[in-house]
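Colleague: Protein sequence lines correspond, in order, to chains S and C. Start counting the first sequence at 538; every next residue gets the next number (our numbering). Start counting the second sequence at 91; every next residue gets the next number (our numbering). Here a beta-carbon is modelled for each residue, glycine too, at the ideal position from N, C-alpha and C. In this text, all values refer to a predicted model and were calculated from it rather than measured experimentally. Okay, here's the structure, questions in a sec.
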Amino acid sequence: MARRTSFIFWREADTNERMMNLSSIATENLAVSYEDNLVVNSLNMQIPQGKITAIIGPNGCGKSTVLKTVGRILKPKNGMVYLNGDDIRRLTTKEVAQKMAILPQSPQAPAGLTVGELVAYGRFPYQRGLDKLKPEDKKIIAWALEVTKLTELEITAVDNLSGGQRQRVWIAMALAQQTDLILLDEPTTYLDLSYQLEVLELLYRLNREQGRTIVMVLHDLNLAARFADYMVAIRCGDIICHGAPEEIMTTKVLRETFRIDAQIIIEPRTGRPTCISYDLIKDNKPSASLKTDST
Amino acid sequence: MMNQLQKNEAHKRKIALRNTVIVIGCALLLMLSFIISMNTGYTKLPPSDTLRTLFGGGTTRENLILFDFRLPRIVVSILVGAGLALSGCIIQGVAKNALADPGLLGINAGAGLMVILYVLFFGAHSFLSVFTLPFLALFGAGVTAGIIYALAFKKGEGVAPLRLILTGVAVQAGLSSLTTVLVVKLADTQFDFVTTWQAGSIWASNWKFVLALLPWLLLLTPYVLSKSRVLDVLNLGDDVAHSLGATVERERRRLLAASVALAASCVAVSGSISFVGLIAPHLARRLVGPRHRILLPTCALTGAVLVSAADTIARVVAQPAGIPTGIMVAIIGAPYFLYLLARSRY
Numbered sequence: 538m539a540r541r542t543s544f545i546f547w548r549e550a551d552t553n554e555r556m557m558n559l560s561s562i563a564t565e566n567l568a569v570s571y572e573d574n575l576v577v578n579s580l581n582m583q584i585p586q587g588k589i590t591a592i593i594g595p596n597g598c599g600k601s602t603v604l605k606t607v608g609r610i611l612k613p614k615n616g617m618v619y620l621n622g623d624d625i626r627r628l629t630t631k632e633v634a635q636k637m638a639i640l641p642q643s644p645q646a647p648a649g650l651t652v653g654e655l656v657a658y659g660r661f662p663y664q665r666g667l668d669k670l671k672p673e674d675k676k677i678i679a680w681a682l683e684v685t686k687l688t689e690l691e692i693t694a695v696d697n698l699s700g701g702q703r704q705r706v707w708i709a710m711a712l713a714q715q716t717d718l719i720l721l722d723e724p725t726t727y728l729d730l731s732y733q734l735e736v737l738e739l740l741y742r743l744n745r746e747q748g749r750t751i752v753m754v755l756h757d758l759n760l761a762a763r764f765a766d767y768m769v770a771i772r773c774g775d776i777i778c779h780g781a782p783e784e785i786m787t788t789k790v791l792r793e794t795f796r797i798d799a800q801i802i803i804e805p806r807t808g809r810p811t812c813i814s815y816d817l818i819k820d821n822k823p824s825a826s827l828k829t830d831s832t
Numbered sequence: 091m092m093n094q095l096q097k098n099e100a101h102k103r104k105i106a107l108r109n110t111v112i113v114i115g116c117a118l119l120l121m122l123s124f125i126i127s128m129n130t131g132y133t134k135l136p137p138s139d140t141l142r143t144l145f146g147g148g149t150t151r152e153n154l155i156l157f158d159f160r161l162p163r164i165v166v167s168i169l170v171g172a173g174l175a176l177s178g179c180i181i182q183g184v185a186k187n188a189l190a191d192p193g194l195l196g197i198n199a200g201a202g203l204m205v206i207l208y209v210l211f212f213g214a215h216s217f218l219s220v221f222t223l224p225f226l227a228l229f230g231a232g233v234t235a236g237i238i239y240a241l242a243f244k245k246g247e248g249v250a251p252l253r254l255i256l257t258g259v260a261v262q263a264g265l266s267s268l269t270t271v272l273v274v275k276l277a278d279t280q281f282d283f284v285t286t287w288q289a290g291s292i293w294a295s296n297w298k299f300v301l302a303l304l305p306w307l308l309l310l311t312p313y314v315l316s317k318s319r320v321l322d323v324l325n326l327g328d329d330v331a332h333s334l335g336a337t338v339e340r341e342r343r344r345l346l347a348a349s350v351a352l353a354a355s356c357v358a359v360s361g362s363i364s365f366v367g368l369i370a371p372h373l374a375r376r377l378v379g380p381r382h383r384i385l386l387p388t389c390a391l392t393g394a395v396l397v398s399a400a401d402t403i404a405r406v407v408a409q410p411a412g413i414p415t416g417i418m419v420a421i422i423g424a425p426y427f428l429y430l431l432a433r434s435r436y
């Protein structure tokens, strides 16, 4: 009843609610700090469901911090994180693990562990006590290995794999978790060009064929623009801009986010915006001379 | 594709079979060590006499040697080996560092300091020491571990493995130097007692020690085994463990507490035997790989074999006094460890 008394308030509440339902993750006034150092001040971010979202921003801008906080690895100082509309603090960590998987940057597998064994750990959120793997678990593990083209490597030790293969193993583990939502912190770091594409194309397929929501922090703007449906540009813990790649990959937004002067074209092969060249923005301050004064 | 799946399945079965064989082999080795150990010592008992005595047909003297001297010592060495190995395995898993051992949590240092303080105040041969020393050692180890945990704890991120290791090393060094200062003040008899304890001799073992140790092991071992999957997941690093839905800090605290209790109860009975907690998990990991469900039992067995064999050898060499078991373990363990270091790729 109270809603009707103020039409504007009602509409606002309605759109908010709708946004919350459509987004798999939403943050509300999120603040995160390391000790006394406030990294994220008051972040309101919505991640659309069933899409690939790329978070971009300069080094130290807080993008990994945001990802880890959303993935409940870090505890926020203030504010809320909603997972499919639920307050994430109200869910047990195992419940969250059945809905959301998060892969940190370059994780390490214990020496001697095989691919199959590592992927089997993805079933952890569904097991209790001394349970052994059930036939159903084994089926899911076999499926995760197949999708990531790892079946042939199942009995190989993870240490013996190449970087790209290793990243695929971790993604397979996340898949065995059977979550609708997968967060990845720079999944292409330390990989060479073809492996980067291999990983991103795998994520793309998972999104398009199975409707999984993918959220990733990416350094490479062009790869982000090529694979993402939705981009969030962050600087100093604040969202500069969010929207489709065409809205983010503009000279204006990149200037604000990275302090660069970027030249953007639409890349004919992918039809996505691409930054072909950029310069640092020259400010008026005289830069320190590189020459040593010998006089 | 089908072919590949069958190949994988066959391989997995082979591995499972190999692991079973390894565990059974370790168990047989332990039995062998047990039997040899019963026969050796200052007074040699031939196997036939040992067997006869075991089944109740021994002379008073044989009964005394076997049941009152040898058996308790053997049982204690097996229990201590298993306990220390399990404890080391947990710490290496939780700290994600293959060079971690129970000493890292200040167990040896804390227990040692308490032993010295006790001897300083009450003397080495007071009537109470046999009964009180284990509890005091336990207390000292527990307090030290608590201090290390508290110092390594950081709000918001809990106890990061590396910080735990560094704090442990620092506190351990501090306590050891304090111990050294106190050792200087000891009288001769007290000094002997303390150094023997520090060298890890399974001293004056009798059935009371077995009874003091057994409940801890019976209580903690099933608990630790039930946590094998949690240990697996913690091994992947804090972030991945979080992602998989482990309550990282709580599990770590519980596992460390179990590890401290295991090691401290062992150290209290056996004195400071330091190498087992480091070597046995290494050995077991090489044998059966990093999954704790199979690693933990194997580890307990290798630890038990290691200490009981070391104790037997210690009794044979340098008779009649014998070398403290801890030193024997180190004599066996150090070369193996150097071999490991030389072979490792890092």
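#1: At a CB-CB cut-off below 8 Å, which residues of chain S make contact with C/G327?
#2: Beta carbon of S/E533, beta carbon of S/G616: below 8 Å?
#3: Please list the partners that C/R381 has in chain S, where partner means a Cβ-to-Cβ separation under 8 Å.
#4: Considering only their Cβ atoms, is the gap separating C/A331 from C/L324 smaller than 8 Å?
#5: Using a Cβ-Cβ cut-off of 7 Å (strictly less than) and excluding sequence neighbours within five positions of C/I369, which residues of its own chain qualify?
#6: Could you tell me the boundaries of the alpha helix (DSSP H) in which C/L252 lies?
#7: For a contact meaning CB atoms closer than 8 Å, what does S/G808 contact in chain C?
#8: Would the stretch 634-646 of chain S and the stretch 714-723 of chain S be scored as touching if the rule is three or more Cβ pairs under 8 Å?
#9: Enumerated in chain order, which unbroken segments of the alpha helix (DSSP H) with a length of 4 residues or greater are wholly contained in the stretch 710-757 of chain S?
#10: Would you mind giving the Cβ-Cβ distance between C/A348 and C/I180, rounded to the nearest angstrom? I have them listed as a contact below 8 Å.
#11: Please report the residue range of the alpha helix (DSSP H) in which C/N198 lies.
#12: Any C-beta of chain S sitting closer than 8 Å to the C-beta of C/L324?
#13: How long is the line joining the alpha carbons of S/Q702 and C/V350, rounded to whole angstroms?
#14: Near C/L386, which residues of its chain fall below 7 Å by C-beta distance, leaving aside the five closest residues on each side in sequence?
#15: Under 8 Å between beta-carbons, which chain C residues line up against S/G616? List them in chain order, please.
#16: Check the Cβ-Cβ distances between S/V633 and every residue of chain C, and say whether any is below 8 Å.
#17: How should C/V170 be labelled, buried or exposed, when 16 other C-beta atoms within 10 angstroms of its C-beta is the threshold for buried?
#18: Using a Cβ-Cβ cut-off of less than 9 Å, give me the residues of the stretch 91-102 of chain C that come near chain S, in sequence order.
#19: Would you call the CB atoms of C/L430 and C/H372 closer than 8 Å?
#20: Take the Cβ of C/Q262 as the centre, count every other Cβ of all protein chains shown within 10 Å, and call the residue buried at 16 or more, exposed below.
#21: Please list the residues of the stretch 327-347 of chain C that have a C-beta atom closer than 8 Å to any C-beta atom in chain S, keeping them in chain order.
#22: Looking only at its chain, what residues have a beta carbon closer than 6 Å to the beta carbon of C/L272, apart from the 5 residues adjacent to it on each side?
#23: Taking Cβ positions only, does S/R609 come closer than 8 Å to chain A?
#24: When DSSP labels each residue in this structure, what does S/M582 get in the three-state scheme?
#25: What is the DSSP secondary structure of S/L640, reduced to helix, strand or coil?
#26: Cutting at 6 Å between CB atoms, please list the residues of its own chain near C/I384, excluding the five before and the five after it.
#27: Between S/T750 and S/Q586, how many whole angstroms is the CB-CB distance? I'm expecting something under 8 Å.
#28: If distances are taken between C-alpha atoms only, which option among S/M582, S/C598, S/A591 and S/G594 comes closest to S/L575?
#29: So, does the CB of S/L737 fall closer than 8 Å to a CB anywhere in chain C?
#30: Which class does C/K102 belong to by DSSP, given the choice of helix, strand or coil?
#31: Take S/W680 as the anchor and find which of S/T807, S/N697 and S/M710 has the nearest alpha-carbon.
#32: Once DSSP output is grouped into helix, strand and coil, what is the label at C/M418?
#33: Sort out for me which residues DSSP pairs S/A694 with in a bridge.
#34: Could you name the residues of the same chain whose beta carbon sits closer than 8 Å to that of C/L326, not counting the 5 residues immediately before and after it, in chain order?
#35: C/T415 and C/D450 - do their beta-carbons sit closer together than 8 Å?
#36: Report the residues of the stretch 674-696 of chain S with a CB closer than 7 Å to any CB of chain C, ordered along the chain.
Modeller: Let me spell this out:
#1: Near C/G327 (Cβ distances below 8 Å), the residues of chain S are P641, P644 and Q645.
#2: Outside the displayed range of chain S (538 to 832) lies residue 533 of chain S, so it cannot be described from this structure.
#3: By Cβ distance, chain S contributes L650 and E654.
#4: Yes; because the gap between Cβ atoms is below 8 Å, this pair is in contact.
#5: L396, G423, Y426 and F427, listed in sequence order.
#6: Run containing C/L252: P251 to V274, per the alpha helix (DSSP H) assignment.
#7: Those within 8 Å of S/G808 in chain C number zero; the least Cβ separation is about 34 Å.
#8: With a cut-off of 8 Å, the stretch 714-723 of chain S and the stretch 634-646 of chain S count as touching, because enough Cβ pairs lie within range.
#9: Scanning the stretch 710-757 of chain S from its first residue to its last, the whole alpha helix (DSSP H) runs of 4-plus residues come out as 730-747.
#10: So it is a contact: roughly 7 Å between Cβ atoms.
#11: For C/N198, the enclosing alpha helix (DSSP H) has its first and last residue at I197 to F212.
#12: Answer no: the Cβ-Cβ gap between C/L324 and chain S never drops below 8 Å.
#13: Cα to Cα, the separation comes out at about 39 Å.
#14: Residues L176, C179, V314, L315 and S318 of the same chain have their beta carbon placed closer than 7 Å to that of C/L386, with the five preceding and five following residues left out of the count.
#15: Chain C residues near S/G616: none, gap ~15 Å exceeds 8 Å.
#16: Yes, S/V633 lies at the interface with chain C (some Cβ there is under 8 Å from its Cβ).
#17: Per the 10 Å Cβ criterion, buried.
#18: Within the stretch 91-102 of chain C, the residues whose Cβ lies closer than 9 Å to some Cβ of chain S are M91, Q94, L95, K97, N98, H101 and K102, listed in chain order.
#19: Yes, they are a contact pair.
#20: Around the beta carbon of C/Q262, 16 or more other beta carbons lie within 10 angstroms, which makes this residue buried.
#21: So the close ones are G327, D328, D329, V330, H332, S333, L334, G335, A336 and T337.
#22: Answer for C/L272: I206, listed in chain order.
#23: Looking at the structure shown, chain A is missing, and the protein chains on hand are S and C.
#24: It is coil, neither helix nor strand.
#25: When DSSP states are grouped into helix, strand and coil, S/L640 belongs to the strand group.
#26: Within the same chain, C/I384 has close Cβ partners N109 and V378.
#27: That belief holds up - the Cβ atoms of S/T750 and S/Q586 are roughly 6 Å apart, short of 8 Å.
#28: Closest in C-alpha terms to S/L575, from the list S/M582, S/C598, S/A591 and S/G594, comes S/C598.
#29: False, the Cβ-Cβ gap to chain C never drops below 8 Å.
#30: Helix at C/K102.
#31: Nearest C-alpha to S/W680: S/M710.
#32: In the three-state reduction of the DSSP assignment, C/M418 falls in the helix class, which pools H, G and I.
#33: Beta-bridge partners assigned by DSSP to S/A694: S/T651.
#34: Listed in chain order, the non-local C-beta contacts of C/L326 below 8 Å within the same chain comprise L334, local neighbours out to five positions each way being set aside.
#35: With chain C represented from 91 up to 436, any question about residue 450 of chain C goes unanswered, as that position is not in the structure.
#36: Listed by position, the residues of the stretch 674-696 of chain S near chain C (Cβ gap below 7 Å) are T688, E689, E691 and I692.
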